[in-house]
Amino acid sequence: MMIDILRKSLELFRLIPRSDLLARVTPRHPTPDQIVPGEMTIVRDGVDKWACFHCPGGCGETIKLSLSKNRRPRWTAMSDWLRRPTISPSVRQTNECRCHFWIRQGRIDWCKDSGPGAG
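Numbers 1 to 119, taken from full-length UniProt numbering, label the letters of the sequence shown in order.
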């Protein structure tokens, strides 16, 4: 709670950029209604398993990225002390949305071929 107040204050005074996503860590895979806009759920039960969040491109799809070291493709997810997630590598939607972006410190960084102002 105090971390959220501190982050919001730092954003308000423009000491840090406003976050598009915040991380929440849970040991269980979330149900569809537990995946909410503006939040990334990181499933961690001893090891990182999944990162789940709504597509920022507006298509309404839930993105589920594997964080398992035994699966391909796989991503890595971490969050800082302000609950801002970072995902690596980039995320590319191959559905009709076709968006391509990075998530860095809670910000959606659109690739040149995607997002607001593309094409």
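Built from N, CA and C at the ideal position, the CB exists for glycine as well.
Check	Outcome
Can a CB atom of chain C be found closer than 8 Å to the CB of isoleucine 42?	Among the chains in the structure shown there is no chain C, since it carries only a single protein chain.
Can you tell me whether DSSP reads isoleucine 35 as helix, strand or coil?	coil
Using only the alpha-carbon positions, how far apart do glutamate 39 and leucine 21 sit?	5 Å
Is the stretch 85–99 in contact with the stretch 26–36, if contact means three or more CB pairs nearer than 8 Å?	no
From the DSSP output, in three-state form, read off arginine 7 for me.	helix
Who are the Cβ neighbours of cysteine 97 in its own chain at under 8 Å, not counting the five residues just before and after it?	Cys55, Gly57, Gly58, Cys59 and Glu61
Rounded C-beta distance between tryptophan 75 and leucine 67? I'm assuming under 8 Å.	6 Å
List the residues that DSSP assigns as beta-bridge partners of aspartate 48.	Arg44
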